[in-house]
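Chemist:
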Amino acid sequence: MVERFADFIIVALFYFVMKGEWLKVLLVIGLGALVLLILNLSFRAYVIRTLSRPSVAFTILFSTILAWIFPVLGLWAVAQQLGVQITGAGVAEVFSVGTLIGGITGIPLGIGVTGSIMIFLLQMYEVGPEIATASIAVFRAGTVWYAVGIGLFAIILWKDYIVQLFRFRSPGYHFDIIAHEYEEDLPQHVRERLLNRKIEA
Numbered sequence: 001m002v003e004r005f006a007d008f009i010i011v012a013l014f015y016f017v018m019k020g021e022w023l024k025v026l027l028v029i030g031l032g033a034l035v036l037l038i039l040n041l042s043f044r045a046y047v048i049r050t051l052s053r054p055s056v057a058f059t060i061l062f063s064t065i066l067a068w069i070f071p072v073l074g075l076w077a078v079a080q081q082l083g084v085q086i087t088g089a090g091v092a093e094v095f096s097v098g099t100l101i102g103g104i105t106g107i108p109l110g111i112g113v114t115g116s117i118m119i120f121l122l123q124m125y126e127v128g129p130e131i132a133t134a135s136i137a138v139f140r141a142g143t144v145w146y147a148v149g150i151g152l153f154a155i156i157l158w159k160d161y162i163v164q165l166f167r168f169r170s171p172g173y174h175f176d177i178i179a180h181e182y183e184e185d186l187p188q189h190v191r192e193r194l195l196n197r198k199i200e201a
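For the sequence shown, the UniProt record's numbering begins at 1 and goes up steadily by one.
(1) Decide if residue 161 is buried, meaning its Cβ has at least 16 other Cβ atoms within 10 Å, or exposed.
(2) What does the alpha-carbon distance come out to for the pair residue 153 and residue 164?
(3) From which residue to which residue does the alpha helix (DSSP H) around residue 109 run?
(4) Tell me the DSSP secondary structure of residue 126 in three-state form.
(5) Tell me the DSSP secondary structure of residue 165 in three-state form.
(6) What would DSSP say about residue 83, mapped onto helix, strand or coil?
(7) Use the C-beta contact count for residue 156: other C-beta atoms within 10 angstroms, 16 or more gives buried, fewer gives exposed.
(8) Under three-state DSSP, which class holds residue 143?
(9) Spatial neighbours of residue 158 within its chain, please: CB distance less than 8 Å, with the 5 preceding and 5 following residues excluded, ordered by chain position.
(10) Using 8 Å for Cβ pairs, my map puts residue 12 next to residue 28. What's the rounded Cβ distance?
(11) Can you confirm whether the segment 73-83 touches the segment 130-148 when touching is taken to mean that 3 or more C-beta pairs between the two stretches lie within less than 8 Å?
(12) Among the candidates 8, 131 and 21, whose CA atom is the shortest distance from the CA of residue 84?
(13) Compare the beta carbon distance of residue 98 and residue 114 with 9 Å and say whether it is the shorter of the two.
(14) Give the DSSP-derived three-state secondary structure of residue 187 in the structure shown.
(15) Quick one: measure Cβ to Cβ for residue 79 and residue 86, integer angstroms, because I've assumed they're closer than 8 Å.
(16) Return the CA-CA distance between residue 202 and residue 58, expressed in angstroms with no decimal places.
(17) Considering only residues of the same chain and omitting the five flanking positions on each side of residue 15, which have a CB-CB separation below 8 Å?
(18) Among residues of its own chain, excluding the 5 on either side of residue 26, which ones have a beta-carbon nearer than 8 Å to its beta-carbon?
(19) Leaving aside the five residues before and after residue 112 along the sequence, list all residues of the same chain whose C-beta is less than 6 Å from its C-beta, in chain order.
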C-alpha cells in the first residue's frame, strides 16, 4: 500500500510540476502529509512511524522518483526517434495522466487503458494517430509487455515449483516435513504413539 501511495504522489507531482501548477503541487504534498498523519493514528502506527523516519522516507521517495524518471525518459526517447515534436514537459504530462488513470481503474499494469489515454493525449499535441499509436506501442512493449514476458517466462520455467506451492496439502504433510527433527528429541514410545494417531486420522 505504501509503495502504491508513493507512486501516486510522485506521478501526480510530475504532472503538476510540468504544468507549472504549483498550488496543486502543494495540495498533493499536503494530501500525502495528511494521509501519513491519519495512518500514524491507526492501530499500526508503529509501522508508519518506521516509514516516517527521515532516512526511510528519503529512501522511499528517492527510489520512487528514480523508478518513474526512467519510463518518462524512455517515452521521450521513443517520441524523438519517431520524429514526434513534443517537449519534455508534454511527455511527462502524457505519461503521468495515462499512468494515473490506468492505475485508478485497478487493471493490472493499466493494460488497455493507460496506452489508450497516452495515444489520445499525444493526438492532443497534434501528433498523427499512426505515429501516436506506434510511439505508445513501442514504449509499452519495452515496459509493460517486457514485464509480462518475463512473468510468462518465469511461469514456464518454474511451473512445477509454482504448482507445488498451490497444491493442496493434507493435514499430515507438515508432520512429514518436521518428523525427522524430532527423532532424537522424542522417546521411541512417544514417536510410535504419534505415528499411530497420524495413521488413525
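Note that CB positions come from ideal geometry on N, CA and C, so glycine has one too.
Modeler: In short:
(1) exposed
(2) 18 Å
(3) Per DSSP, residue 109 belongs to no alpha helix (DSSP H) and is neither H nor E.
(4) coil
(5) helix
(6) coil
(7) exposed
(8) coil
(9) none
(10) 5 Å
(11) yes
(12) 131
(13) yes
(14) coil
(15) 6 Å
(16) Residue 202 lies beyond the range of the chain shown here (1 to 201); nothing can be said about it.
(17) 92, 93, 96, 97 and 100
(18) none
(19) none
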